[in-house]
Every structure is written in structure tokens, then in C-alpha cells.
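Numbering (mature numbering (1 follows the signal peptide of the UniProt record, and there is no 0)), first residue to last: -29 to -1, 1 to 176.
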């Protein structure tokens, strides 16, 4: 049997891909129900130079709008988005501490909202000058994979919203068609009955 030598570049590429999949952070989409006149808050404890991204999408309820804001240590508001159906916010922590983000439906007194969101972050690691090129490639690829996963989850939520909207529209059209048909039958029956009574009265005279 004859063995074919494998280039070191090919081996390095395979190692990068395999290790990147091992080190990539697991990012899950979360879905919560925010009741009428209610707000839901969550927090993350970060260190200086850590990076964090919050992406959200209103999946159902009312006008598909929600209030979102994120505050840092000392309750300093860093970002605020009002009555949005979708949004994203990325930042780099300037100080150590607790960073809180909230979804508020306090503007609505009747309708609850369903919100899908995901959060992912990148832990800051100081470059000591001895980082191997392959490790840098792994970090870059890991961040790219997280971005792709976030985009995929966003597309899934959007597709579900559009599907629900289409199904709701189809149901309304169907029921309105049934109502129109019943109204048409009722009008025809009334006209037949009225004409029949009209001719019976004329004949009696």
C-alpha cells in the first residue's frame, strides 16, 4: 500500500476547524412572555473589555412592539429603544460590574407580548505577544460562527412571525368569505320570498 503525504497546511486547517467548533460558545435563543404592564429584566456580570451583544425580536402580541434598555453599573443607561419590533445592541464593558437589560411592556394595559432574544459575549483575553497564529484564527472563526448562529436564529424567528401573520390573514379571509356567502344566500332567499309574497298578493286582488 502506498501512502500519500499530507501537507502541514492541510493539517493546520483541519485543526483550526475542529478546535473552533470545540471552543465556540453555545448561544441559545430564549423566548419569554411579557405580560401587559409588565417588564422582565436580566443581567450579566462582565469584566473590563468583555464584549456582549443582545439581539431581540417580538414574536407575537399586539402591535409587535416592546421597549428595551440596557444599563451598566450604577444604573447608568447605555442604550434605550422604544416600541421596536426587533433590535440589537453590542458594547464593550468599560468597567467591571453587573450589566442589566430589560424588556418592558408597560405601555400596554391589555395585550401581552412574546419576545425571543439571545445574548452572547466574548471574554477579553490580553494578548501577551506569544499567541500562536492558529489560536488567533480559532478566536476569529469562533466569533464568526457565533454571528452566523445569531443570524440564523433571527431568520427563524422572522420566518415564524411571517408564517403566523400569513396564517392569520388566510383565516380572516376564509371567515370573511363564509360571512359574505351567508349574506348573499340570505339576500337571495329574502328576495325570492318577497317576490313570491308580492305575486301572491297581486293574484288575490
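Ideal placement from N, C-alpha and C gives every residue a C-beta, glycine not left out.
Please read these numbers as outputs of a predicted model, since none were measured by experiment.
Minimum C-alpha distance to residue 40 - residue among 128, 136, 73, 21 | 73
Could you give the distance in angstroms between the alpha-carbon of residue 128 and the alpha-carbon of residue 110?
-> 27 Å
Option nearest residue 85 by Cα separation, candidates 21, 30, 121 | 30
Helix, strand or coil: how does DSSP classify residue 166 here?
-> helix
Answer yes if the segment 7 to 14 comes into contact with the segment 45 to 55, meaning at least three C-beta pairs across the two stretches below 8 Å, and no otherwise.
-> no
Helix, strand or coil: how does DSSP classify residue 119 here?
-> helix
Limits of the unbroken beta strand (DSSP E) element including residue 59 | 57 to 63
Mapping DSSP to helix, strand and coil, what is residue 17?
-> strand
Can residue 146 and residue 88 be called in contact, C-beta distance under 8 Å?
-> no
Skipping 5 residues on each side, what residues in its chain have a beta carbon closer than 8 Å to that of residue 44?
-> 66, 67, 68, 69, 70
Given a cut-off of 8 Å, decide if residue 22 and residue 83 are closer than it, judged by their beta-carbon atoms.
-> no
Classification of residue 157 by the beta-carbon crowding that lies within 10 angstroms, buried from 16 upward | exposed
What do you get for residue 32, buried or exposed, if any count of 16 or more other CB atoms within 10 angstroms of its CB means buried?
-> buried
Presumed contact (8 Å Cβ cut-off) between residue 160 and residue 79, rounded CB distance | Rounded, the Cβ-Cβ distance is 44 Å, inconsistent with contact.
DSSP three-state assignment for residue 137, whether helix, strand or coil = helix
When the Cα atoms are used, what is the spatial distance from residue 125 to residue 153?
-> 42 Å
Keeping to the same chain, check which residues put their C-beta closer than 7 Å to that of residue 164; ignore five residues upstream and five downstream.
-> none
Could you tell me whether the Cβ atoms of residue 56 and residue 36 are closer together than 8 Å?
-> yes
With respect to the beta strand (DSSP E) encompassing residue 207, which residues constitute its N-terminal and C-terminal limits?
-> Nothing in the structure corresponds to residue 207, since the chain is present only between -29 and 176.
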